[in-house]
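Peer 1: Please read through the structure below; I'll follow up with questions.
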Amino acid sequence: MEDYILQMQQITKIYGNGIVANKDVDFNLKQGEIHALVGENGAGKSTLMKILFGMEKPSAGKILLSGKELNMNSSNDAIANGIGMVHQHFMLVETFTVAENITLGNEPKKGLFVNTAKAVEFTKELSEKYNLPIDPNAIVKDLPVGMRQKIEILKALARGARILILDEPTAVLTPQETDQLFIELLNLKNQGYTIVFISHKIREVKKISDRLTVMREGGHKGVFITAEVSEQEISNQIVGWEVNIELDKKSRKKGDIRVQVKHLSYYGSNDVLVLDDVSFSVRAGTILGVAGVQGNGQVELIELMTRARDIETGQIKVNGKDIAKLSVKQLRDTGCSYVPEDRMRQGVGADASIKENVISNQYNKPPYCQNGMIQQKPIDDFADRCISEYEIRCGSSATNLSMLSGGNMQKVVVARECSTNPAVLIAEQPTRGVDIGAAHIIHERILKLRDAGSAVLLISADLSEIMRLSDSLIVMYDGKIVAYFENPEQVSEQELGLCMLGSVKHDPKQIRRIVNG
Amino acid sequence: MDNKSRLFPVVRTAAALLISFATAFLIIVCVSKTPLESFYIFAIGPFTKMRYIGNIVEYAIPVIFSGLGMAVLFQAKLVNLGGEGVFYISAAIVSFAAIFFIMPAFIHQSAIILLGAVIGMAVMSIPAFLRAKYNGSELVSSLMLNSILLGVGQYLLNTKLRDSNAGAQVSYKFVPSTAMPVIVPGTKITSGLLVALASVLIVYILLYKTKWGYMLRMSGINDEFAKYSGISTFAAVVLAHLVAGALMGMGGAVETISMHKRFEWTALPGYGFEGCMIAMLANNNPIGVIGASLFVGYLHIGADLVARLSDVPTEMIAVLQCVILLLVSAEGFLQGLRQRWIEQGVK
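First to last, the protein sequences are chains C and A.
Per numbering that gives the first Met the number 0, the first sequence runs over residues 0 to 516.
Per numbering that gives the first Met the number 0, the second sequence runs over residues 0 to 346.
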């Protein structure tokens, strides 16, 4: 048997809502390797790592560290055993300095007070030792994301971590920061540290890791030596079948203008201009994609369009009607549907059944409601139709939404919003956190709506989704529309990326002319 | 697995009751010289005589109304403890109608119950409006309202209704036509029971079979989801308050003309708070409210009997109720069992 520093054997984790996040997973680490853990969203990577870091207790299975069984009740136990984790969302006190953050919890003391000078010195030594240069006196909130990640890594090392878990470390980094991170990781590896690198970006995995474990649907699907597998093979393993999802996208027939946004500006909190004179229109039978790094005004734009916020300056027309004074119900009655980004917050009632969820936008309309009375039969039929059409995996239409997996929940949302044959569909991150099968169904449905003559506004952070589905594409940066593409499928990701970062801008006048056309 | 997950609240409630009984037994052992006898009186005593069984039902009638009202509010995720005040003011005001008007019995009683409902709705519309329009906490406003309503009721009793010939602080006698008829011979169970049961049925239909009930429940389950779907959460908040107000107002009226000859409450009657516990025991299900109310009635009669026939003080019942309430309302109670069930179900 090989010499493993850490073994996770037959790990099973079942959450309180009945979701099986891990099933009989084996995961082994060799001393001094960079081991990638890859898989789709919801494949169980994060759960497995939470178990390793002591944040969740496994329902079955055991963890061996250097051959000794570990029984952890909290992440403190994991830290005590030399396991450190850098979370996707950083856990730093933003108003503290770097040194204060790194020594937080075991500060050097001087009587009753914290010995700041010593903390600074300690941090300096640490950063030199690991070759992670950082200014100990800088305030965290002034630092860019890449630096904050460095602090998190140092924090884990300062607490004696020998095994470092990095949860999607590159998701928030620019390409340059990613390169820098990789140099630092290799440096740590050479000093004998073991690193778990969680990612779903195959290219990065290929570049940095020594070995990789693939997870799919809660189980492990094999361990590979990275050098021996191609990118294509890895992605096939992740998805579980030959990746060849071609969407049947017919040529479009342009219709009349369904959505018209004119000179829309909006000031957010702190009087920051989050939308700056945005104008565009969407025609019937087309999909307009909105690309952009998150936080560049997309959220506010959608909230204005769905009447979750009041319009300050500018105008939005749906089906020729100014929506400024409409209630959400009136807006929906004009034929507007909306798939929200955060399904748990807005999209579903988790403690209500599938039946109750699929009629929430037409509960008061015939045939589901006659003279104020809810009509059970038509609702049952409709719910069953949604379940079979969208392949929603569930016990029955009476099952509560909280019992469904994320992908199936999302199908319920999309089924509800598409079932009314809306004149306008606003789809915000419609396949976030959804498995590929479900995403495919959702994409098909959106295209079907477009072919049937709906105008679709698609907002997504997933570039491949937006490029494959959209008929035309706008890019938002810093509250403005900075670029417009007519045939998104022919645009390269690099070109789009430069626009999203704001380094390439199209001529505003030209954009306006085309977009309003 | 679905069936089991639905069963879980029932099991949890049953376990809570079992523990409460064990607690009751412990308390009795501590304070009584003859613990076994005392416990027998407490646990079995209420079923030994028709009159005692009648007492249980009599006790249950008003709390069915308040339990229903609380169930409606809880389903809409509203915590309004104004039931106390509504019971009190409704009883005070319908007393006018019961003292100063003379009508045929059935019409008189119906009018009084209806009046109670209207008073309840009027009172509850205040916290409803404050919550729906200004997002003011209905918990705070309803609690303050209780004190105000108690003061107003006292004022009415002392200045307008008080019978100076009676020795105590009570009103004039009600006219005989207001007394609700007894429907079970040998007890004091009145037709108020029928009104209560009819209310249960109506609330059930309202909540589960009408669009208004759907609107109310969805707002309670996730108000962001409701707003996003185009459901008016303003309307849901107001509706839940009005329905609860009507129910509790009716409860005050029914109790007044079923069990009393005069208006004689000089403090808040306690039915409003009891409603909270009943709604929780019933898991906010209108049908379950009947069983929960009978159970609470049974506890009370048991405690009364113990106080009368043994050496155990009646305060014990308060301790007992608190234990039940704590266990039933503690979300995490028996969570381990639930997790095991789920894991078995998955495998």
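For every residue, glycine included, the Cβ atom is placed at its ideal position computed from N, Cα and C.
All of these numbers come straight from a predicted model, not from anything done at the bench.
(1) For the stretch 362-371 of chain C against the stretch 391-404 of chain C, do three or more pairs of beta-carbon atoms, one drawn from each stretch, fall closer than 8 Å, so that the two count as touching?
(2) Closer than 9 Å, Cβ to any Cβ of chain C: which residues of the stretch 265-285 of chain A, in chain order?
(3) Which parts of the stretch 237-317 of chain C are runs of the beta strand (DSSP E), unbroken and 3 residues or longer, counting only runs that do not cross its ends?
(4) Do the CB positions of V85 of chain C and I33 of chain C come within less than 8 Å of each other?
(5) Residues of chain A with CB closer than 9 Å to the CB of V144 of chain C, please, in chain order.
(6) Check whether chain A comes within 8 Å of K328 of chain C, counting only Cβ atoms and requiring the distance to be less than that.
(7) In chain A, which residues lie with their C-beta within 8 Å of the C-beta of M372 of chain C?
(8) In three-state terms, what does DSSP make of L215 of chain A?
(9) Just to confirm, is the Cβ distance from G53 of chain C to A77 of chain C under 8 Å?
(10) Kindly indicate if chain A contains any beta-carbon less than 8 Å away from that of C498 of chain C.
(11) By the 10 Å Cβ neighbour count, where 16 or more other Cβ atoms means buried, how is L326 of chain A classified, buried or exposed?
(12) Please report how far the alpha carbon of I194 of chain C lies from the alpha carbon of E93 of chain C, in whole angstroms.
(13) If contacts are defined as beta-carbon pairs under 8 Å, then G478 of chain C and L287 of chain C qualify, I think. What distance do you get, rounded to the angstrom?
(14) Just to confirm, are V253 of chain A and V194 of chain A a CB contact at a threshold of 8 Å?
(15) For the alpha helix (DSSP H) that V144 of chain C lies in, which residues bound it at each end?
(16) Please determine, among C:A283, C:D270, C:S264, the residue with the shortest C-alpha to C-alpha distance to V258 of chain C.
(17) Counting C-beta neighbours from all protein chains within 10 Å, is the total for S491 of chain C 16 or more, i.e. buried, or is it exposed?
(18) Taking E68 of chain C as part of the alpha helix (DSSP H), name the residues at either end of that continuous run.
(19) Can you say whether T312 of chain C is buried or exposed, counting buried as having 16 or more other CB atoms within 10 angstroms of its CB?
(20) DSSP three-state call for M475 of chain C: helix, strand or coil?
(21) Examine chain C for any beta-carbon lying closer than 8 Å to the beta-carbon of P8 of chain A, and answer yes or no.
(22) Using beta carbons (cut-off 8 Å, strictly below), is V347 of chain C in contact with chain A?
(23) Residues of chain C with CB under 9 Å from E254 of chain A, in chain order?
(24) Does DSSP put M0 of chain C in a helix, in a strand, or in coil?
(25) Answer with yes or no whether the minimum CB distance from M0 of chain C to chain A is below 8 Å.
(26) I need the boundaries of the alpha helix (DSSP H) containing N157 of chain A, first residue and last residue.
(27) Quick check on this structure: which residue in C:V144, C:Y129, C:P429, C:H442 has the alpha carbon closest to the alpha carbon of Q175 of chain C?
(28) Give, in chain order, every unbroken run of the alpha helix (DSSP H) that is at least 4 residues long and sits entirely within the stretch 43-83 of chain A.
(29) Find the nearest neighbour of K159 of chain A within the set A:A165, A:S170, A:A245, A:G150, judged by alpha-carbon distance.
(30) G348 of chain C to G185 of chain A, Cα distance in whole Å?
(31) What residues from the stretch 219-249 of chain A come within 8 Å of chain C, judged by C-beta to C-beta, listed N to C?
(32) Since G221 of chain C contacts Q236 of chain C with CB under 8 Å, what's their CB separation in whole angstroms?
(33) I207 of chain C and A157 of chain C look like a contact to me (Cβ under 8 Å); what is the Cβ gap, rounded to whole Å?
(34) Please give the ranges of any beta strand (DSSP E) in the stretch 68-96 of chain C, keeping only runs that are unbroken, at least 3 residues long and fully inside the region.
(35) DSSP puts I441 of chain C in a beta bridge; with which residues?
(36) Tell me whether L103 of chain C sits in a helix, a strand or coil according to DSSP, three-state version.
Peer 2: Taking the coordinates as given:
(1) no
(2) none
(3) 256-266, 272-282, 286-290, 312-317
(4) Against the first sequence, residue 85 of chain C aligns to sequence position 86. Against the first sequence, residue 33 of chain C aligns to sequence position 34. Contact: no.
(5) Counting from 1 along the first sequence, the entry for residue 144 of chain C is found at position 145. Here the premise fails: no neighbours, minimum Cβ distance about 29 Å.
(6) Taking the first sequence and counting its residues from 1, the one referred to as residue 328 of chain C is at position 329. Chain A, which has a Cβ nearer than 8 Å to the Cβ of K328 of chain C, makes this yes.
(7) Against the first sequence, residue 372 of chain C aligns to sequence position 373. Chain A residues near M372 of chain C: K208, T209, K210.
(8) The sequence position of residue 215 of chain A within the second sequence is 216, counting from 1. L215 of chain A falls in the helix class under three-state DSSP.
(9) For the purposes of this step, residue 53 of chain C is taken as the residue at position 54 of the first sequence. For the purposes of this step, residue 77 of chain C is taken as the residue at position 78 of the first sequence. The answer is yes: Cβ separation under 8 Å.
(10) Within the first sequence, the letter at position 499 stands for residue 498 of chain C. Closer than 8 Å: no.
(11) As a position in the second sequence, residue 326 of chain A is number 327, starting the count at 1. Under this definition L326 of chain A is a buried residue.
(12) Against the first sequence, residue 194 of chain C aligns to sequence position 195. Against the first sequence, residue 93 of chain C aligns to sequence position 94. About 26 Å.
(13) Stepping through the first sequence from its first residue, residue 478 of chain C is reached at position 479. Stepping through the first sequence from its first residue, residue 287 of chain C is reached at position 288. Contact flag wrong, Cβ pair sits at about 18 Å.
(14) Indexing the second sequence from 1 puts residue 253 of chain A at position 254. Indexing the second sequence from 1 puts residue 194 of chain A at position 195. Contact: yes.
(15) For this step, residue 144 of chain C is matched to residue 145 along the first sequence. Where V144 of chain C is concerned, the enclosing alpha helix (DSSP H) stretches over 144-157.
(16) Indexing the first sequence from 1 puts residue 258 of chain C at position 259. With distances taken between Cα atoms, V258 of chain C lies closest to C:A283.
(17) As a first step, residue 491 of chain C is located in the first sequence; it is residue number 492 there, counting from the start. Result: exposed.
(18) Here residue 68 of chain C refers to the residue found at position 69 of the first sequence. Taken as a continuous stretch (DSSP letters only), E68 of chain C belongs to no alpha helix (DSSP H), being part of the beta strand (DSSP E) at 67-69.
(19) On the first sequence, position 313 is the one that residue 312 of chain C refers to. When all chains shown are included, T312 of chain C counts as exposed.
(20) On the first sequence, residue 475 of chain C is found 476 positions in, with the first residue counted as 1. If DSSP states are grouped into helix, strand and coil, M475 of chain C belongs with the strands.
(21) As a position in the second sequence, residue 8 of chain A is number 9, starting the count at 1. By this cut-off, P8 of chain A is not an interface position.
(22) Residue 347 of chain C sits at position 348 when you count from the first residue of the first sequence. So, interface residue.
(23) Taking the first residue of the second sequence as position 1, residue 254 of chain A is located at position 255. Per Cβ cutoff of 9 Å: no residues; E254 of chain A is ~31 Å from chain C at best.
(24) Position 1 of the first sequence, counted from the start, is the residue given in the question as residue 0 of chain C. Because M0 of chain C carries a pLDDT of 48, less than 50, the predicted location of this residue cannot be relied on, and the following value inherits that uncertainty. Of the three classes helix, strand and coil, the one that applies to M0 of chain C here is coil, per DSSP.
(25) As a first step, residue 0 of chain C is located in the first sequence; it is residue number 1 there, counting from the start. At M0 of chain C, the pLDDT of 48 sits below 50, so the modelled position is not reliable; the number obtained from the coordinates is stated separately. For M0 of chain C, the answer is no, since every Cβ of chain A falls outside 8 Å of its Cβ.
(26) Counting from 1 along the second sequence, the entry for residue 157 of chain A is found at position 158. Where N157 of chain A is concerned, there is no enclosing alpha helix (DSSP H), given that its DSSP letter is neither H nor E.
(27) Stepping through the first sequence from its first residue, residue 175 of chain C is reached at position 176. The residue with the shortest Cα to Cα distance from Q175 of chain C is C:V144.
(28) 49-74
(29) In the second sequence, residue 159 of chain A corresponds to position 160, counting from 1. Of the candidates A:A165, A:S170, A:A245, A:G150, the one whose C-alpha sits nearest the C-alpha of K159 of chain A is A:S170.
(30) The count along the first sequence starts at 1 and reaches residue 348 of chain C at position 349. The count along the second sequence starts at 1 and reaches residue 185 of chain A at position 186. C-alpha separation (whole angstroms): 49 Å.
(31) I220, N221, E223, F224, A225, K226, Y227, S228, G229, I230, S231
(32) To locate residue 221 of chain C, count along the first sequence from 1; it is residue 222. To locate residue 236 of chain C, count along the first sequence from 1; it is residue 237. At roughly 6 Å, the Cβ-Cβ gap stays under 8 Å, so G221 of chain C and Q236 of chain C are in contact.
(33) Taking the first residue of the first sequence as 1, we reach residue 207 of chain C at position 208. Taking the first residue of the first sequence as 1, we reach residue 157 of chain C at position 158. Not quite, the Cβ-Cβ distance comes to about 23 Å (not below 8 Å), so this is no contact.
(34) 82-85
(35) Counting from one through the first sequence, the residue named residue 441 of chain C turns up at place 442. Answer is none; I441 of chain C lacks a bridge partner.
(36) Here the question's residue 103 of chain C lines up with position 104 in the first sequence. Residue state, collapsed to three classes: coil.
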